[in-house]
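Read in order, the letters of the sequence shown correspond to residues 3 to 86 in our numbering. The structure appears below as structure tokens.
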Amino acid sequence: GLLASTGSTGDSYDNAMAESINGLYKAEVIHRKSWKNRTEVELATLTWVDWYNNRRLLERLGHTPPAEAEKAYYASIGNNDLAA
3 GLLASTGSTG DSYDNAMAES INGLYKAEVI HRKSWKNRTE VELATLTWVD
53 WYNNRRLLER LGHTPPAEAE KAYYASIGNN DLAA
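Take a look at the structure:
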């Protein structure tokens with residue numbers, strides 16, 4: 003099997019936000035199927051992280067993906083270097 007890369011159960015570096023994201027990831031990716039190998043898990047993880055950061059629509063951001071909202075924010079304050 004694969005070894006966990008975080009602390010003890012319910013601990014997740016004592017960070018509620020990390021615990022929440024880890025829970026979503028496990029529910030939406032890890033626990034949905036049996037994995038054949040590490041490469042399969044890594045590819046699914048990369049796909050999920052890309053979706054989570056770049057395509058997931060958030061109502062509170064006007065149904066905009068997080069990366070797009072961040073880019074617009076930095077552009078609005080005149081710091082286009084950070085918007086890339």
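All C-beta atoms in this analysis are idealised placements derived from N, C-alpha and C, irrespective of residue type, glycine included. In this text, all values refer to a predicted model and were calculated from it rather than measured experimentally.
When the options are compared against residue i, the one with the closest alpha-carbon
| i | options | result |
| --- | --- | --- |
| residue 25 | 74, 70, 50 and 39 | 50 |
For residue i, the three-state DSSP class (helix, strand or coil)
| i | result |
| --- | --- |
| residue 59 | coil |
Can you find at least 3 beta carbon pairs, one from the region 67-74 and one from the region 40-57, that sit closer than 8 Å? yes
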